[in-house]
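Student: Sequential numbering of the sequence shown, starting at 1, is according to full-length UniProt numbering.
Take a look at this one; I'll ask things after.
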Amino acid sequence: MLTAWNSSLFDCIQEWKGAFTLTVLLKRKIDGATFLISNVYGPTDVTLKANFFQELRSIHSVSSGTWTLLGDFNVLLSVDDKNGDTAHVADILKFREVVHDLHLVDLPILNKAFTWTNGRGVPTLERLDRAFISTNWLLAFPRSTLRALPRPRSDHTPLVLTAFTFIPSANLFRFESFWLRHPAIFDVVSTAWNSPTSGLAPVNQFASKLKSVQTALRNWSVGLSSRLQRQASLCLLWIDWLDNAEERRSLTILERALRPMLKVRYEELCLQEEIRWKQRSRVQWLKVGDANTRFFHLKASGRRNSNFISRLSNGCTLLSSHQPIADHLFSFFSNQLGDDPESTLNINLLELYRGANPDLSSLQEDFTAAEVRKAVFSSGPEKAPGPDGLPMLFYQRFWNLLKNDIMSVFNSFHNGSAKLDEINASWLCLIPKKSEALLAKDFRPISLVHGMGKLISKVLASRLQSFMAELINPHQAAFIKGRSLFDNFSTAHVLVHHYYASKQSAALLKIDFERAFDHINWDFLVDLLRARGFAPTWINWIQELLKSANTSVILNGVPGNSFTCKRGLRQGDPLSPLLFILCVDALFRMFQRATSSGLLQDPGIRDVRIQALQFADDLLIFLDGSPRSAAASKLILDNFAACSGLRINYDKSSISPINLSEAQATSLASSFGCTVKAFPITYLGLPLSPTRLSRSDYMPLIEKIDNRLAGWKGLNLSRGGRLVLLNSVLSSIPSHFCSIFRLPGWVVNSIDKIRRGFFWRGRKLTNGFHCLVNWGQVCRPKLWGGLGIRNLQAMNSALLMKGLWKFYNSPHLPWVKLLTEKHYRYRQPATGDNIPSRCCPMWRGILSTTAPFHASVFFSIGNGKGTSFWNARWAGEFILRNQFSNLYTIASHKHLSVSTWIRRFAHTENLGFQLSRLQGDQLDELPRLKLLIQNTILTLNRDATFWRWNDDGAFQVCRAYSFLTFDGINAGKITFLWNIKIPLRVKVFIWLAARNRILTDDTLALKGWHDPSICVLCSKNGENLDHILFTCSYATTVWARLLQTTPATQAFMSTNPGALSEGDKRNGLTFALQQHAHIRRPIYTSGRDDK
């Protein structure tokens, strides 16, 4: 007997082994539910029946909960369980007594009467295999069913027990992406959309047309999936029939024409199935068409399991049924979002923002079709839709049909006549914040907004975005173009390190807002918009979007009762993030006002002062460590919370001391009611520390990558899919780290070890036997013969170079100002071998890329203040330290800017050099340097920096990466491969074949695997790559058919006789694949790509 379970879903708590049974107690990880499974094989010996029955009773004594017994009992429960009349009634009665005493329910087999046969001409049929369930099992899984499978070999019929938890189903409409593969859908949508509607306002007319389309698509798609599955089965059946017929006779002309048509149709049906499951999986990084249907299927199932809410606590009782959970969620979120908040304090926002507002009159201009179209086509096509069930893909594909009605809605919205109730509904999708989410507050509510309501918000957000940099303080980095997470973290890192290194007392207060988006007071928001200079028209638009929204909580796919929101901003609405940071900007202004009035000390470095850093709802406040600053900060925070509606969760907030005693830190923390947390702390997902990171600080990064490589992903992805996953997901995980810190070698090696194992074997670790190509070559760009997997060290350097580019081109950034004040008031960064003393780890890592950076940029001199005289390329193609290397060796000031150097030395007789020290080549270089200086004219403009590897002169990480990985070795003819429209897994196979790295018998022998080398296709000796692809009888048949049916290849063979026969097989393969790119004929077959 064998009992197996999926260890990723269940834990085995206990097991019992008996003479006739194997029992395990399993615990379901998703909700902690436990149940008992007894695998049974009853005795055939009559004398052992009593022992068997007693063993069943003994199991029952320890199975008071959910229990099932299933297997071959070798005893009948009823005389009807046998087709003859010779049943052993005594055994039947004893067995029924046991079943009765144990309170078991016998599950009927849905599609069979008997499970065993003796296989004779007049067979004896009996039902010996069955499944029993306890009453607790029946309550837990009321829809349990038992079904028989086909019996290919054994005399017993396999049975499948399926257990369902009852979930009310909602008849929801969902647009399926694969429908667009059917031409008929365009007529269906067009007919429904153009159905007559009269006398309705534009919004109501639009809503009515959407309902007509939903109804038409629902009716059209009834039974479509099952029809497609039947068609796929029929295609396979006919293909198999034609293949078998070909073995007995020659196929007719019609049959020969039919088979490729069937194959094309089958491929299309498989593609539609893959699209269907990709949409459900919500996987965006992997494209369809590479045979990853099973992966999409498992991802969709995983999403369902991870988002499934099976139980919830209301604070007193643990709820496990659907309706009580739904009622509790409705009560919780309607109280959170549907109650009118009461402001306990008002602040003078007009005074707070006096003189700080830009001209916003263009915000209320007429809407244009161009900007609406841009909003439609810049949206994610397959992101989860709202209550209308229509993703943006629908609006994109049918834009020409919908455009006029959409613009009518926008025009009525613009003039204030539109009421958006019908097109502004949303569903709250609950995402667990932690693995053991048992309370409603443990879930993050994400709003799935109606498509049209979301589109209006997106257009308004696009308009507002152009003013955000002027409206929001420079220390808020979230949701504003041109600002990034990197900037805020860098500022915090430089400032924390400065305090630590200079022995100044300070403290860092990290604030946690409780459900920040949910608690924004609408009255406060409206008052703020007025104070910031927004026109009444714009404010009315915002109020209409807020007040017309009604929401339902969706529980396990079933929407609950709806309620009207009266506060908060919907997460998932494109406009919400911008409105939120407008609100929290007021908090920064309050701190700024307190600092200017002397209530708070302004921390910073010399003239650069920074009181607080904001990234959306992440807030860092710098304190001088005094009780006075703590009390003032607490007062500001509480006042802001009282007027804005935001709640500060001091229990989850923390204070991190810098050069403070333990008593001082504890006193500060008690004044806020928060905890003391030592460095490093996690800020924006990265470890923030005043010192170098330890080995343990890098482990979360490695573990995160390790966790993303669940074994099932690799095993269910083609090698092409693994390649995409490595680049789009796994290589992007360390990007934040790589932008800030220089990764130590051991970290890079650890990550590469995981990536290497995942790519070659689909698991975390592997050995050299399975690594078919050197990892360095795999990580080369495709143009240079690799697979384009990112080289982590090169990517680390490219991302750090971006920091250096920002330093030179964005002097307004806070961290750039801090570093300039601290290290570069009179000079510019030189090479990485000259790092300032007491330099923070982040800047030390960025400076390590100075050499490749200066090799890639050109400085156009303006005032000369931002360019290094000796170490930057500003005077032609050469850097002065190289062009005048002899003078550079004796120069006393090697790190001055052009401006400072010219001001100090340009008017001296010998440019500051002592003539007595000059000799030989130095004397020759001096006149040339004087001439260069004389021709240099400084202006009042800033120096400009140009990136040499981009036509527009702007820095790009990808260009920097290409520069760092360039080795000048072109891959030759294989580069065409990446432009051919064939599945990626096939491209990877051809890439390996071009290097003779397929695991054929001859290659295996070189790796120590000695086995008779026989081709399994033609049964001839000597399996190698050349044989499999070209000289095997099966391969020559494929080539012959290709050459006969493709005019281009016939022409190739006529002008290149013997191209295949004389051994130039690679060129033949290359040419055929190039023709494939034009004729779109499949010349490959599917198979496992790791063999």
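Backbone N, C-alpha and C define an ideal beta-carbon position, used for all residues, glycine too.
Since the structure is predicted, the reported quantities are computational estimates derived from the model, not experimental observations.
Please report the straight-line C-alpha distance between residue 434 and residue 652, rounded to a whole angstrom.
Tutor: For this step, residue 434 is matched to residue 434 along the sequence shown. For this step, residue 652 is matched to residue 652 along the sequence shown. Cα to Cα, residue 434 sits roughly 15 Å from residue 652.
Student: Give me, in chain order, the residues of the same chain whose beta-carbon lies closer than 8 Å to that of residue 464; leave out the 5 immediate sequence neighbours on both sides.
Tutor: Start at 1 with the first residue of the sequence shown, and residue 464 comes out as number 464. Within the same chain, residue 464 has close Cβ partners 363, 575, 578.
Student: What is the DSSP secondary structure of residue 583, counted as helix, strand or coil?
Tutor: Locating residue 583 in the sequence shown gives position 583, counting from the first residue. Here residue 583 sits in helix by DSSP.
Student: Helix, strand or coil for residue 347, going by three-state DSSP, please let me know.
Tutor: Taking the first residue of the sequence shown as position 1, residue 347 is located at position 347. Coil at residue 347, not helix or strand.
Student: State buried or exposed for residue 335, treating a residue as buried only when at least 16 other CB atoms are found within 10 Å of its CB.
Tutor: Start at 1 with the first residue of the sequence shown, and residue 335 comes out as number 335. When all chains shown are included, residue 335 counts as exposed.
Student: Near residue 470, which residues of its chain fall below 6 Å by C-beta distance, leaving aside the five closest residues on each side in sequence?
Tutor: Locating residue 470 in the sequence shown gives position 470, where the first residue counts as 1. Closer than 6 Å at Cβ, skipping near neighbours: 358.
Student: Do three or more CB pairs link the stretch 816–824 to the stretch 976–995 at distances below 8 Å?
Tutor: Result no; under three Cβ-Cβ pairs closer than 8 Å.
Student: Are there 16 or more other CB atoms within 10 angstroms of the CB of residue 643, so buried, or fewer, so exposed?
Tutor: Start at 1 with the first residue of the sequence shown, and residue 643 comes out as number 643. Its Cβ being crowded by 16 or more others within 10 Å, residue 643 is buried.
Student: What whole-angstrom Cβ distance do residue 816 and residue 945 have, given they're in contact under 8 Å?
Tutor: Position 816 of the sequence shown, counting from 1, holds the residue named residue 816. Position 945 of the sequence shown, counting from 1, holds the residue named residue 945. 13 Å between Cβ atoms; not a contact.
Student: Applying the 10 Å Cβ sphere with the 16-neighbour rule, what's the burial state of residue 588?
Tutor: Counting from 1 along the sequence shown, the entry for residue 588 is found at position 588. Its Cβ being crowded by 16 or more others within 10 Å, residue 588 is buried.
Student: Would you decide whether residue 275 is buried or exposed? Buried here means 16 or more other CB atoms lie within 10 Å of its CB.
Tutor: What you label residue 275 is simply residue 275 of the sequence shown in a count that begins at 1. So residue 275 ends up on the buried side.
Student: Please state the DSSP three-state secondary structure of residue 514.
Tutor: Start at 1 with the first residue of the sequence shown, and residue 514 comes out as number 514. Residue state, collapsed to three classes: strand.
Student: For residue 679 versus residue 656, is the C-beta spacing smaller than 9 Å?
Tutor: As a position in the sequence shown, residue 679 is number 679, starting the count at 1. As a position in the sequence shown, residue 656 is number 656, starting the count at 1. Yes.
Student: Between the alpha carbons of residue 147 and residue 109, how many angstroms are there, rounded?
Tutor: In the sequence shown, the residue the question calls residue 147 occupies position 147. In the sequence shown, the residue the question calls residue 109 occupies position 109. If I take the Cα positions, the gap works out to 5 Å.
Student: So within the stretch 743–812, which uninterrupted alpha helix (DSSP H) runs reach at least 4 residues, ignoring any that extend past its ends?
Tutor: With a minimum length of 4 residues, the continuous alpha helix (DSSP H) runs that stay inside the stretch 743–812 are 745–761, 775–778, 792–809.
Student: Quick check: the stretch 604–622 against the stretch 554–568, are there 3 or more CB pairs under 8 Å?
Tutor: No, the stretch 604–622 does not touch the stretch 554–568.
Student: With 16 other CB atoms within 10 Å as the buried threshold, where does residue 1033 fall?
Tutor: By 1-based counting over the sequence shown, the position of residue 1033 is 1033. The residue is exposed, with fewer than 16 neighbouring Cβ atoms inside 10 Å.
Student: Would you grab the beta carbon distance between residue 127 and residue 76 for me? Rounded to a whole angstrom, and I think it's under 8 Å.
Tutor: Here residue 127 refers to the residue found at position 127 when the sequence shown is read from its first residue. Here residue 76 refers to the residue found at position 76 when the sequence shown is read from its first residue. Indeed they touch by this definition, with Cβ atoms about 7 Å apart.
Student: What's the C-alpha gap between residue 499 and residue 580?
Tutor: Your numbering for residue 499 matches position 499 in the sequence shown. Your numbering for residue 580 matches position 580 in the sequence shown. Roughly 31 Å separates the two Cα atoms.
Student: If we count Cβ pairs, one from each stretch, closer than 8 Å, do we get three or more for the stretch 154–165 versus the stretch 241–256?
Tutor: Because the criterion of three Cβ pairs below 8 Å is not met, the stretch 154–165 and the stretch 241–256 do not touch.
Student: When burial is assigned at 16 or more other CB atoms within 10 Å of the CB, is residue 370 buried or exposed?
Tutor: Indexing the sequence shown from 1 puts residue 370 at position 370. Per the 10 Å Cβ criterion, exposed.
Student: Are residue 741 and residue 841 touching if we call contact CB-CB under 9 Å?
Tutor: Start at 1 with the first residue of the sequence shown, and residue 741 comes out as number 741. Start at 1 with the first residue of the sequence shown, and residue 841 comes out as number 841. Yes, these two residues count as a Cβ contact at 9 Å.
Student: Helix, strand or coil: which one does DSSP assign to residue 460?
Tutor: Numbered from its first residue, the sequence shown carries residue 460 at position 460. Helix.
Student: Which whole-angstrom value is the C-beta distance of residue 456 and residue 468, which I expect to be below 8 Å?
Tutor: Position 456 of the sequence shown, counted from the first residue, corresponds to residue 456. Position 468 of the sequence shown, counted from the first residue, corresponds to residue 468. Actually they do not touch by this definition, with Cβ atoms about 19 Å apart.
Student: Work out the CA separation of residue 279 and residue 178 for me, nearest whole Å.
Tutor: Here residue 178 corresponds to residue number 178 of the sequence shown, with the count starting at 1. Here residue 279 corresponds to residue number 279 of the sequence shown, with the count starting at 1. One C-alpha to the other measures close to 9 Å.
Student: According to the Cβ coordinates, are residue 518 and residue 312 closer than 9 Å?
Tutor: Reading the sequence shown from its first residue, position 518 is the one you call residue 518. Reading the sequence shown from its first residue, position 312 is the one you call residue 312. No. Outside cutoff.
Student: Please go through the stretch 1002–1040 and give each complete alpha helix (DSSP H) segment of 4 or more residues, from N-terminal end onward.
Tutor: List check, alpha helix (DSSP H) in window: nothing returned.
Student: In angstroms, rounded to a whole number, what distance separates the CA positions of residue 474 and residue 622?
Tutor: Here residue 474 corresponds to residue number 474 of the sequence shown, with the count starting at 1. Here residue 622 corresponds to residue number 622 of the sequence shown, with the count starting at 1. Cα to Cα, the separation comes out at about 16 Å.
Student: Determine, using beta-carbon pairs with one atom in the stretch 807–815 and one in the stretch 482–501, whether at least three such pairs fall under 8 Å.
Tutor: Touching, yes, given that three or more Cβ pairs across the two stretches are closer than 8 Å.
Student: In angstroms, rounded to a whole number, what distance separates the CA positions of residue 941 and residue 872?
Tutor: By one-based count along the sequence shown, residue 941 stands at place 941. By one-based count along the sequence shown, residue 872 stands at place 872. The alpha-carbon atoms of residue 941 and residue 872 are separated by roughly 18 Å.
Student: Which of the three DSSP states, helix, strand or coil, is assigned to residue 925?
Tutor: Taking the first residue of the sequence shown as 1, we reach residue 925 at position 925. Residue 925 falls in the helix class under three-state DSSP.
Student: Just checking my contact of residue 743 with residue 683 at CB under 8 Å: how many whole Å lie between their CB atoms?
Tutor: Walking along the sequence shown from the start, residue 743 turns up at place 743. Walking along the sequence shown from the start, residue 683 turns up at place 683. 19 Å between Cβ atoms; not a contact.
Student: Would residue 660 and residue 516 qualify as a contact pair, given that the criterion is a beta-carbon distance under 9 Å?
Tutor: Residue mapping note: residue 660 aligns to position 660 of the sequence shown, counting from 1. Residue mapping note: residue 516 aligns to position 516 of the sequence shown, counting from 1. No.
Student: In terms of DSSP beta bridges, what is residue 681 paired with?
Tutor: Mapped onto the sequence shown, residue 681 falls at position 681. Answer is 688, bridged to residue 681.
Student: Which whole-angstrom value is the C-beta distance of residue 21 and residue 83, which I expect to be below 8 Å?
Tutor: Counted from its first residue, the sequence shown places residue 21 at position 21. Counted from its first residue, the sequence shown places residue 83 at position 83. That pair is no contact at about 28 Å.
Student: Hey, could you find the ends of the alpha helix (DSSP H) residue 203 is sitting in?
Tutor: Counting from one through the sequence shown, the residue named residue 203 turns up at place 203. Residue 203 -> alpha helix (DSSP H) spans 202–221.
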